[in-house]
Amino acid sequence: MDVAAERFRPTRPGSREAMERLQAEIAAEATFEDAAGVTPADVHSGDALVAGVDQAFLDDRAVSAVVVLRGGEVIARESAVTPLSMPYVPGLLAFREGEPIVAALEALDVDPDLLVLDGSGRIHYREAGLAAHVGVCFDVPAVGVAKSLLCGRPRRATDALEAGERVPIEADDSMSAPEETVVGHAYQSRQYPDSTRINPLYVSPGHRLAAGTATDLVAACGGEYKLPRPTRLADRYADELKTGR
DNA sequence: GCGACAG
DNA sequence: ATCTTGTCGC
Numbered sequence: 336m337d338v339a340a341e342r343f344r345p346t347r348p349g350s351r352e353a354m355e356r357l358q359a360e361i362a363a364e365a366t367f368e369d370a371a372g373v374t375p376a377d378v379h380s381g382d383a384l385v386a387g388v389d390q391a392f393l394d395d396r397a398v399s400a401v402v403v404l405r406g407g408e409v410i411a412r413e414s415a416v417t418p419l420s421m422p423y424v425p426g427l428l429a430f431r432e433g434e435p436i437v438a439a440l441e442a443l444d445v446d447p448d449l450l451v452l453d454g455s456g457r458i459h460y461r462e463a464g465l466a467a468h469v470g471v472c473f474d475v476p477a478v479g480v481a482k483s484l485l486c487g488r489p490r491r492a493t494d495a496l497e498a499g500e501r502v503p504i505e506a507d508d509s510m511s512a513p514e515e516t517v518v519g520h521a522y523q524s525r526q527y528p529d530s531t532r533i534n535p536l537y538v539s540p541g542h543r544l545a546a547g548t549a550t551d552l553v554a555a556c557g558g559e560y561k562l563p564r565p566t567r568l569a570d571r572y573a574d575e576l577k578t579g580r
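Numbering (the numbering used here), first residue to last: 336 to 580.
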């Protein structure tokens, strides 16, 4: 697939200020409402191609793995390795992991209808998390799936949720969005029958999706584990590339 | 100064 | 994210 807007390519700008300015542009360019056509039904039927993306690290390099699914079946895989240009900084993840991700996606011969990224989308200080950055860069519907919450506040307690339940995540005063704007959801993809609790996933739209639809799509991706199938497979592939099978 | 902080 | 043994629970 091809980058739609070269100016949004996540390469490391000179300063933190420059990176934050670019994120403000990303957020302004991102659409946080349904504007693409990809529906949960399309994901189920196989009418939509879903790409799961995840990274693994080796010393000073990052390896990004992409797995494309059509109705739960793997139809393509790609990967890319690039040197790390900066350390992990909360709020600037896209500038650390974006280069290998974009490179791996560019190597794809097919064009996914939905990108599922490991990290936040709109749940971000400037509403420009990894999923928004990559989604806007390719101008493709994207959703972010994080294992922990970067910012924002759950509308109610998120412990003891049943499988399938979701709780809105509202913007707090650390974010650019008006307070209480629903920027994503805590989504309980899996849960044990009793005692032991599994933490929920934090799903947020990256581009061309409303918060509710983003979560519906992740649910439609399925999977036997906590992470949605596309992400789980990309995670395994990345680890496979890192070690050597 | 204190607390919070995707991967 | 990554480094890792043991350990709790279905």
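All residues carry an ideal CB built from backbone N, CA and C; glycine is no exception. In this text, all values refer to a predicted model and were calculated from it rather than measured experimentally.
Distance between residue j and residue i (C-alpha atoms, nearest Å)
i	j	result
CYS472	GLY499	31 Å
SER511	GLU462	7 Å
ALA391	GLU441	18 Å
ALA354	LEU427	Per the sequence presented here, residue 354 reads as Met, with Ala not at that position. Answer to the nearest angstrom: the Cα atoms are 8 Å apart.
THR366	VAL451	16 Å
ASP546	PRO418	According to the sequence as given, residue 546 is Ala; it is not Asp. Roughly 33 Å between the two C-alpha positions.
THR516	THR578	42 Å
ASP337	ASP446	9 Å
SER380	ALA370	20 Å
LEU357	ARG344	10 Å
ASP377	ILE533	28 Å
ARG405	ALA386	9 Å
PRO375	HIS542	16 Å
LEU544	VAL478	8 Å
Outcome for residue i when other beta-carbon atoms lying within 10 angstroms are tallied against a minimum of 16
i	result
ALA573	buried
HIS423	The question names His, but residue 423 is Tyr in the sequence shown. Under this definition TYR423 is an exposed residue.
GLU432	buried
ILE410	exposed
MET421	exposed
ALA359	exposed
PRO535	buried
ALA646	Outside the shown range of the chain, which is 336 to 580, sits residue 646, and nothing can be said about it.
GLY487	buried
LEU393	exposed
SER414	buried
Alpha helix (DSSP H) segment containing residue i, residue limits
i	result
ILE504	Segment 501-505 is the beta strand (DSSP E) holding ILE504; no alpha helix (DSSP H) there.
THR548	546-556
ARG567	564-578
THR428	Reading the sequence as shown, one finds Leu at residue 428 and not Thr. 428-441 is the span of the alpha helix (DSSP H), which, as asked, contains LEU428.
GLN358	351-364
Range covered by the beta strand (DSSP E) that runs through residue i
i	result
THR516	Looking at the DSSP string, THR516 is not in any beta strand (DSSP E), and its letter there is neither H nor E.
VAL469	From DSSP, VAL469 is part of no beta strand (DSSP E) but of the alpha helix (DSSP H) over 465-473.
SER380	First-last for SER380: 375-380, but that is the alpha helix (DSSP H), not the beta strand (DSSP E).
ILE410	408-418
GLN390	384-393
Selected residue, minimal CA-CA separation from residue i, among the options
i	options	result
ALA569	ARG412, GLU364, GLU368 and ASP395	ARG412
Item to check | Validate contact between the segment 502-510 and the segment 454-468 using beta carbons, cut 8 Å, 3 pairs | outcome: yes
Next on the checklist: For the pair the segment 546-564 and the segment 515-525, tell me if three or more CB-CB distances fall below 8 Å.
Outcome noted: yes
Checklist entry - With contact counted as at least three CB pairs below 8 Å, one residue from each stretch, are the segment 349-367 and the segment 399-415 in contact? => result no
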